[in-house]
Structure formats: C-alpha cells, structure tokens
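Colleague: Below are the structure tokens for one structure; questions will follow.
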Amino acid sequence: MDKITPIEFNDNKLILIDQRKLFENEEYFVCDSIESVYFAIKDMVVRGAPAIGVAAGYGMYIKALSLDTEDIYAFRSKMQEAADYLESSRPTAVNLTYATRRMMAVINNEWNNVAELISALNKEAVAIHNEDVQANKVIGENMLSLLKNAKSVLTVCNAGILATTAYGTATAAMYLAKEQGKQLSVFACETRPRLQGARLTSYELNKNGVDVTVITDGMVAHVMSKKMVDAVITGCDRVASNGDTANKIGTKNISIIAKRFKIPMYIACPTSTIDLGIKDGSEIIIEERDASEVTHIRGVQVIPSGVKVFNPSFDVTDHDDITAIVTEKGIAFPPYDVTLKVL
Numbered sequence: 006m007d008k009i010t011p012i013e014f015n016d017n018k019l020i021l022i023d024q025r026k027l028f029e030n031e032e033y034f035v036c037d038s039i040e041s042v043y044f045a046i047k048d049m050v051v052r053g054a055p056a057i058g059v060a061a062g063y064g065m066y067i068k069a070l071s072l073d074t075e076d077i078y079a080f081r082s083k084m085q086e087a088a089d090y091l092e093s094s095r096p097t098a099v100n101l102t103y104a105t106r107r108m109m110a111v112i113n114n115e116w117n118n119v120a121e122l123i124s125a126l127n128k129e130a131v132a133i134h135n136e137d138v139q140a141n142k143v144i145g146e147n148m149l150s151l152l153k154n155a156k157s158v159l160t161v162c163n164a165g166i167l168a169t170t171a172y173g174t175a176t177a178a179m180y181l182a183k184e185q186g187k188q189l190s191v192f193a194c195e196t197r198p199r200l201q202g203a204r205l206t207s208y209e210l211n212k213n214g215v216d217v218t219v220i221t222d223g224m225v226a227h228v229m230s231k232k233m234v235d236a237v238i239t240g241c242d243r244v245a246s247n248g249d250t251a252n253k254i255g256t257k258n259i260s261i262i263a264k265r266f267k268i269p270m271y272i273a274c275p276t277s278t279i280d281l282g283i284k285d286g287s288e289i290i291i292e293e294r295d296a297s298e299v300t301h302i303r304g305v306q307v308i309p310s311g312v313k314v315f316n317p318s319f320d321v322t323d324h325d326d327i328t329a330i331v332t333e334k335g336i337a338f339p340p341y342d343v344t345l346k347v348l
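Quick note, in the numbering used here, the sequence shown goes up one by one and the last residue is 348.
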C-alpha cells in the first residue's frame with residue numbers, strides 16, 4: 006500500500022493528517038496540548054472511531070506531561086477532568102471513552118510516584134495505537150472469508166486507513182484483496198454533508214490502486230437493483246449488546262435497501278467499538294452537528310438563509326438488518342445478544 010500515515014506521535018506531540026483539507030491538500034495538524042487534541046477530535050481533523058480512540062490516548066498522555074504536581078491524588082483528579090473533557094468532544098464514538106477509561110485504569114493503580122505513573126501512561130497510549138494496527142489486518146482477513154465470490158462492494162463514509170491507523174476496518178478487505186491479486190471493485194457513497202466518502206474513501210482507495218466509483222447517497226437503491234453490488238461493508242462508531250449499530254448518517258437507509266435486494270450487510274469494527282454496557286440502539290447518544298455543514302459546501306452556501314436544518318451525524322442500523330459483525334476476534338452472527346458476548 007502507498008504509505009498514508011494518519012496518526013504519529015513524536016517528541017511528545019500528536020501529529021495528524023488534517024482530514025478537513027483532503028483531498029486537495031495533504032497537511033498535518035500538530036497537537037501539543039489537550040485543548041488542541043480536543044479541537045482536532047471535535048472539528049474532525051481526525052475522525053473515525055478507532056483513530057479518535059488512539060488520539061484520545063495520546064491526548065491523555067500529553068495532559069499528564071503538563072501537570073506540575075507530585076501529589077498522586079491531585080494528579081488523578083486532574084486526569085479525570087481531562088478524561089471527561091475529551092469524552093465530551095464526540096459523544097457517539099465509544100472508542101474515545103474506551104481509550105480514556107483505559108488510561109484512567111492505569112492512573113487508578115498504585116504507584117510509587119508521578120514520574121512512574123506518567124511512564125506507564127506513555128506505554129498504555131502506545132499499546133492502544135499498536136493494538137489498532139494489528140486489529141485492522143485481522144478484521145480484513147476475517148471479512149475476506151465472507152467475500153469469496155464477491156466482485157463488487159459498497160461502502161459509506163470513511164472507515165479506511167484515515168479512520169484508523171493501518172488498513173482501516175471496512176476497507177481492510179479491499180486492500181488485502183488487492184495484495185492477494187483479488188481485485189474488489191468499490192462503490193463509495195459520497196456521504197453528505199461532509200463528503201467523507203467522496204473526499205476521503207475515494208482518495209485513499211484510488212491512491213492505493215483499488216477500483217473505486219463514487220455515487221451520490223441517493224443512488225444506492227439504483228445500483229443494487231441493477232445487481233451491481235454483491236455486499237455492503239461499513240465501519241461503525243458503536244455497537245450495542247443486541248447488535249444495533251451506530252454509524253454515519255445514511256447507513257440505516259443502506260441496510261434497509263440491502264435487505265430488500267437480499268444483499269449481505271457486514272459491519273467491520275474492532276471489539277473496542279462494541280459496548281456491551283448498553284442494551285440496544287436507543288441508548289446510543291446521537292451527535293448533532295452545526296447546521297453550516299448542511300447549508301454550505303466547501304464555503305459555498307447552497308441553502309437559502311433562514312431555512313431550518315436538522316443535522317444528526319449518525320443513525321442506528323437495526324440488528325435485524327445486519328448479516329454479520331466482523332471483528333479482530335472473530336465474526337459474530339445473529340443472535341448478537343449471544344454471539345457478541347463470546348468474542
């Protein structure tokens with residue numbers, strides 16, 4: 006694969022490819038404070054549940070370095086405030102809280118001194134990063150086992166390299182197929198309002214030689230009715246214990262249409278995205294973003310002033326419309342309230 010490095014950590018700084026600027030410009034955004042990490046997550050400099058989690062882990066470590074105290078109890082209190090602060094940036098993505106809670110679990114252990122604790126936090130942040138790299142490839146291998154006869158797949162948003170740290174989740178099988186000489190053609194939904202499919206998924210797949218065709222979000226039923234799609238693969242931001250899955254707005258539409266045309270709907274995610282603490286999708290907080298994302302495209306106003314806008318960033322796909330949930334620890338099939346627990 007052509008090297009795309011969405012996340013690096015060097016010299017105690019988090020370095021992110023600025024996904025707001027892609028595809029036109031490959032620029033990097035440097036975070037050296039927890040405030041800059043918060044901004045990067047909130048403003049979608051970095052995006053995609055796994056990548057957000059990795060960024061949050063490093064954000065916690067950066068905050069730890071900034072604290073001027075030798076009192077472990079005071080340190081813990083400040084770090085809990087930091088965790089709460091980061092978690093408020095994007096409430097739907099469970100990987101964010103997964104990372105902050107892992108860092109807090111380290112903090113809440115017994116330590117001889119703050120310096121020893123900070124060293125342990127560095128190791129934990131790096132571990133979160135490395136685990137995502139390993140998970141991506143295994144997810145791809147597991148997904149490929151379900152795609153033996155598939156020639157063409159459809160995806161939405163960007164659950165690729167840019168949303169993770171390596172192969173991506175939804176795109177991992179696409180990259181592995183190419184490496185193995187088994188080209189998969191990909192339909193990438195443009196993904197309004199921020200166009201992650203058109204800007205990001207097409208950018209990285211094309212850069213790596215994967216056959217990709219961008220379609221508008223309203224074309225899904227048409228291409229499926231023409232038998233142009235063999236399977237749907239999407240990432241996700243949170244999976245409830247019953248298999249209900251939150252992903253980019255429009256995913257629910259795709260799942261309903263796929264079921265109508267008897268096309269399998271696969272969710273690709275690391276197990277860190279599965280939240281067994283919630284019963285079903287009704288408990289998932291759906292982030293609502295600023296109206297300007299809908300009223301303007303790349304700075305150009307496309308909706309008359311004064312018109313109301315509703316802009317939820319995610320929707321919840323019903324577990325009954327999902328064929329399988331593919332993780333690094335195996336593939337879960339219905340009933341998800343049983344199979345997700347044994348991964």
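The C-beta atom is built at its ideal place from N, Cα and C for all residues, glycine as well. Nothing here was measured: the structure is a model prediction, and the numbers come from that model.
Over the uninterrupted alpha helix (DSSP H) stretch that includes G145, give me the two end residues.
Modeller: Its alpha helix (DSSP H) spans residues 119 to 149.
Colleague: What residues in its chain sit with their C-beta under 8 Å from that of I261, if we drop five residues either side in the sequence?
Modeller: The answer, listed in chain order, is D326.
Colleague: Determine, using beta carbons only, whether G202 comes closer than 8 Å to chain B.
Modeller: Of the protein chains in the structure, only one exists, and it is not chain B.
Colleague: Roughly how many angstroms separate the alpha carbons of A337 and L152, rounded to a whole number?
Modeller: Going by the C-alpha atoms only, they are around 15 Å apart.
Colleague: Using a threshold of 8 Å, state whether the C-beta atoms of A56 and T176 are closer than that.
Modeller: Cβ distance not < 8 Å, so A56 and T176 don't count as in contact.
Colleague: Answer yes if the segment 97 to 106 comes into contact with the segment 12 to 26, meaning at least three C-beta pairs across the two stretches below 8 Å, and no otherwise.
Modeller: In short, these stretches do not touch, since the Cβ pair count stays below three.
Colleague: Per the DSSP calculation, S157 is bridged to which residue(s)?
Modeller: BP columns for S157 point to S190.
Colleague: With DSSP collapsed to three states, give me the class of E333.
Modeller: Of the three classes helix, strand and coil, the one that applies to E333 here is coil, per DSSP.
Colleague: Taking the alpha carbon of E31 as the point to measure from, which residue in T10, E146, F44 has its own alpha carbon closest?
Modeller: When each option's Cα is compared against that of E31, the closest is T10.
Colleague: K253: buried (16+ other C-beta within 10 angstroms of its C-beta) or exposed?
Modeller: Buried is the call here.
Colleague: Could you pull out every residue in the same chain whose Cβ sits closer than 7 Å to the Cβ of E357, ignoring the five residues on either side in sequence?
Modeller: Not covered by the structure: residue 357. The range shown for the chain is 6 to 348.
Colleague: Give the single residue among M229, V244, T276, E298 whose Cα lies nearest to the Cα of F266.
Modeller: Closest option to F266, Cα to Cα, is M229.
Colleague: Please report how far the alpha carbon of I259 lies from the alpha carbon of A54, in whole angstroms.
Modeller: Their Cα atoms are separated by approximately 20 Å.
Colleague: Measuring alpha carbon to alpha carbon, tell me which residue in Q24, A226, G173, I39 is nearest E136.
Modeller: Per the Cα distances, G173.
Colleague: Which term fits R204, buried or exposed, when burial requires 16 or more other beta carbons within 10 angstroms of its beta carbon?
Modeller: It is buried - the Cβ of R204 has at least 16 other Cβ atoms within 10 Å.
Colleague: Would the segment 85 to 96 and the segment 118 to 132 be scored as touching if the rule is three or more Cβ pairs under 8 Å?
Modeller: No, they do not touch.
Colleague: Report yes or no: do three or more beta-carbon pairs, one from the segment 71 to 80 and one from the segment 283 to 302, lie closer than 8 Å?
Modeller: Counting Cβ pairs under 8 Å, fewer than three are found: no touch.
Colleague: Using a Cβ-Cβ cut-off of 6 Å (strictly less than) and excluding sequence neighbours within five positions of K334, which residues of its own chain qualify?
Modeller: Taken in chain order, the residues that qualify are T276, L348.
Colleague: Less than 8 Å between the C-beta atoms of A245 and G311, yes or no?
Modeller: Not closer than 8 Å, so no.
Colleague: Could you tell me which residues DSSP puts in a beta bridge with M65?
Modeller: Partner(s): none; M65 has no beta bridge.
Colleague: Ends of the beta strand (DSSP E) at V225?
Modeller: V225 -> not in any beta strand (DSSP E); alpha helix (DSSP H) instead, spanning 225 to 230.
Colleague: Can we say the segment 40 to 48 touches the segment 215 to 233, given the rule of at least three CB pairs closer than 8 Å?
Modeller: Touching, no, given that fewer than three Cβ pairs across the two stretches are closer than 8 Å.
Colleague: List the endpoints of the continuous alpha helix (DSSP H) containing E298.
Modeller: Note, E298: alpha helix (DSSP H), 297 to 300.
Colleague: One question on the structure: do Y271 and V237 come within less than 8 Å of each other, judged by their Cβ atoms?
Modeller: In contact: Y271 and V237 (Cβ atoms closer than 8 Å).
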